[in-house]
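Every letter in the sequence shown is one number past the one before it in the working numbering, and letter 31, counting from 1, is 33.
From the three backbone atoms N, C-alpha and C, an ideal C-beta is built for every residue, glycine too.
What you are looking at is a predicted structure, and each value in this text was computed from that prediction instead of being measured.
See below for the structure under consideration.
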Amino acid sequence: MYDNEFSRMESVTERDFGDYVKRHILNNRSIHKFGFNNEPPVMEDVIRKYTKEEKKDITPVFIIFINDGGVVRATKKVIKNAAVQPIFW
């Protein structure tokens, strides 16, 4: 979950996505919500998680960002640099 701050969330799968947003975001007071968007730090954290912290697990990941497309140039750079990783945006 991100805006101008971000929080790592539990991974979601096809088995538990039903009320994920309500359970883990809307009902979670510790999650900062509704600021301005800043995708690059979040994307860099995703890359770090799957390429350094969980390096042994080579399962590809599919990341969904829901945003208004505000930080375009920096976001493109992160995506381009991560293109060699098994991370799909």
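In terms of Cβ geometry, T77 and P42 form a close pair [threshold 8 Å]. Contact check for I81 against Y52 fails: the beta carbons are separated by 8 Å or more. By the CB criterion at 8 Å, N39 and V73 fall inside the cutoff. I27 sits away from V48, with the two beta carbons spaced by 8 Å or more.
Per DSSP, the beta bridge partners of I89 are V63.
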